[in-house]
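Residue numbers (our numbering), protein chains in the order written: chain H, 4 to 398; chain V, 4 to 398. Idealized CB from N, CA, C, for every residue including glycine.
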């Protein structure tokens, strides 16, 4: 059966109806909300209609299982507290359309809580074994509700965890959530790797003092330490980073944070992301050397919090080549290879099987907002690339 | 009658007994607290014993009035929430000792709420006409208590405002509250001027974004704007400032202040102090030009809050010369002329009459803390300088 573009677009709009809110095509459908559970039940029905066997696992991940061994495709259907209609939903509905049209057995998945109401990509983290269920159960959301209480709302649907060995690989289509494709007027991004992340808190402790009576040369000003660190770091990173590398000081807590007091302490976050684990390590070395030099120069103490890290995940070459071949057929000269700067369910699934990812443009790079959108022609192009790729893999 | 060093030291310790707390010689005696009011009643008694007429005004300023025209001396006897035993108290008790020993008529004052439970130097600001009483009454402290309610606790003592025309001038002795005299092993600082202050809030608004998917060259990061502004400002100020000039970024509020989000907005305080109003204006010009350049370079919006300012106050030359002559007699070669980087009641009183100020060292520059202290020999040296100065003015 050929893929049906209109059915695909119609299903996207039908899914959007669960939790449709806000301006534009906004959606409020966070994990385990009434709208989320209703959407999953509707999806299960569509899976049945497509000849798949719906299967809810204990954390609410919904699989539509093909008989026997199959390729798994999908993403997630939960949304941010104020989210768009395509973030996650696109990958699920595209997978459903491919499963309906492909000669090859395709299973579909909608992972639960990708958007991190409780953790980060919680549903796929538990399924992949990256996050033990008993640890997940102790997680709480912003309102203090525990994960075990939240997933209890779907307990009547649970049929146990799906054996991952029935799947030969996983392909996830997703909106880019960044400006690269939109800015370069390209249609498709084939993901080379999902970047690794390092994140740590750094503190400089100087001397809190009177901002009127303390001469500049006797100050040990924690904010000045932060500013000097940032300036030197930007300079020193230049020889190490690529255009894909990113780093961010996103949180700054100054103490006592008063206009008439020389700041005595600053605690801030330093986060950096890159597809190459060696580069992440070189950046860490530069960060630590620079922070120590600043602390020595300004006479402040230096303290580090725990270094949190997720390793880069390279996409499987066979699956990725199939997507690249499809991209060149569907959008010749209008696609690129690119890393994913954001985390996705595919990161977790890569523990279990080969994975690959496909991006379509986000208009103005906007995501995690009601205003998120993608040109309908690009949505259909993405679906066509998947179709080509799956056919080439079957051949 | 000669000055009595022991009586002076004993009175300082007696005053400290009201609110004595914490480590070292710490004191908790904020304005209108039980300890503060009890201390003022004790002071009124000591004034009577010294032949002065105690007089409480409607905001709780306590005067010990000499008959007829007189020179006014004093400071304040309220403390910081966690204060030292000398901040303010020293100037009041020294004035009392000079009033007792001098042949010339000396009146004594302890201003109320110098430490700013409600505003800044509130009691002397109201008396000097700088702050209308009805405006002061609407001020609230950190707990939401209004100034009019707080001063109501002393309403039974009030005898109306004192006519400032009965005073020929005002001399205030105070601890330095900075490290300059202690670091240079000097005994006395004669204040040349109380520096002026400029204080304003500056905001850079860029674009809040995903810290993983937003490439560095497409970011409009508000924290980076702040850091660049600070770096350029430090560089550009170099040709304009003196060793006495100070500037501080003491408060930084980043939005949304999360490790995985490129900061979209920063609001921060920029405060600068100098004894020269022209220099304050040149610094403001550099601040505004630099902020605009940074905003243009990084594509952020720029916004300013209200510019708050207090003009520099030069000390009266006659009174100051008397203090300098006294300093050279008491501590030859061990004194200096210096600006006051901190605000004092003398700033307000200068609206009404000639003023001058004298500093003694703060050990390690510490103040607004229980650990604040001054060597007893330095306290006595300061008293002796006042004694010499008042005698020379009488002659």
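The C-beta of residue 245 of chain H has fewer than 16 other C-beta atoms within 10 Å across all chains shown, which makes the residue exposed.
One Cα belongs to residue 373 of chain H, the other to residue 134 of chain V, and the distance between them is close to 50 Å. Of the candidates H/209, H/305, H/328, the residue whose Cα lies closest to the Cα of residue 253 of chain V is H/209. Identification of residues in the stretch 252–285 of chain H having a C-beta nearer than 7 Å to some C-beta of chain V yields 252, 253, 254, 255, 257, 260, 261, 262, 263, 264, 265, 266, 272, 274, 276, given in sequence order. Bridge pairing for residue 360 of chain H: H/175 [DSSP].
For the pair residue 383 of chain H and residue 375 of chain H, the CB atoms are not nearer than the 7 Å cut-off. In the assembly as shown, residue 4 of chain V is an exposed residue. Its beta-carbon has fewer than 16 other beta-carbons within 10 Å. Neighbours of residue 216 of chain H across chain V, judged by C-beta separation under 9 Å: 179, 180, 181, 182, 183, 249, 343, 344, 345, 365, 368, 370. Between residue 202 of chain H and residue 315 of chain H, the C-beta spacing is not below 7 Å. The beta carbon of residue 58 of chain V lies closer than 8 Å to those of 65, 66, 67, 68, 162, 165 in the same chain, with the five residues before and after it left out. Note on geometry: alpha-carbon atoms of residue 356 of chain V and residue 128 of chain V lie some 14 Å from one another.
Not one beta carbon of chain V lies nearer than 7 Å to the beta carbon of residue 360 of chain H. With contact defined as three or more Cβ pairs closer than 8 Å, the stretch 336–354 of chain V and the stretch 258–275 of chain V are not in contact. For residue 246 of chain H, the chain V residues whose Cβ falls inside 9 Å of its Cβ are 218, 219, 220, in order along the chain. In this structure residue 77 of chain H is in contact with residue 175 of chain H, their Cβ atoms being roughly 7 Å apart against a cut-off of 8 Å. In summary, the residues of the stretch 225–237 of chain V whose CB is separated from some CB of chain H by less than 7 Å are 226, 230, 233, 234, in the order they occur in the chain. One thing to note: residue 81 of chain V has its Cβ no nearer than 7 Å to the Cβ of residue 13 of chain V. Between the stretch 348–355 of chain V and the stretch 322–331 of chain V, the count of C-beta pairs closer than 8 Å stays below three; the two stretches do not touch.
Around residue 213 of chain H, the beta-carbon contacts reaching into chain V at under 9 Å are 180, 181, 344, 345, 368, 370, 371.
In the DSSP assignment, residue 258 of chain V falls within the beta strand (DSSP E) that extends over 255–258.
By the CB criterion at 7 Å, residue 303 of chain V and residue 228 of chain V fall inside the cutoff.
Contact check between the stretch 17–29 of chain V and the stretch 41–49 of chain H: fewer than three CB pairs, one atom from each, fall below 8 Å, which does not count as touching. The C-beta separation of residue 141 of chain V from residue 149 of chain V comes to about 7 Å, placing the pair in contact by the 8 Å criterion. Per DSSP, residue 119 of chain V is not a residue of any beta strand (DSSP E), being assigned neither H nor E. Below the 7 Å Cβ cutoff, chain H contributes 262 as neighbours of residue 202 of chain V, in chain order. Contact between the stretch 89–100 of chain V and the stretch 14–21 of chain V is present, with at least three C-beta pairs closer than 8 Å. For the beta strand (DSSP E) assignment, the uninterrupted runs of no fewer than 3 residues enclosed by the stretch 330–358 of chain H are, from N- to C-terminal side, 338–343. Residue 273 of chain V: member of the beta strand (DSSP E) spanning 268–277, first to last residue.
Exposed is the label assigned to residue 292 of chain H, since fewer than 16 other Cβ atoms lie within 10 Å of its Cβ.
At a beta-carbon threshold of 9 Å, the residues of chain V lying near residue 198 of chain H are 215, ordered along the chain.
By the neighbour-count criterion, in which a residue is buried when 16 or more other Cβ atoms sit within 10 angstroms of its Cβ, residue 52 of chain H is exposed. In this structure, the beta-carbon distance from residue 179 of chain H to residue 33 of chain H does not fall below 7 Å. When DSSP states are grouped into helix, strand and coil, residue 381 of chain H belongs to the helix group.
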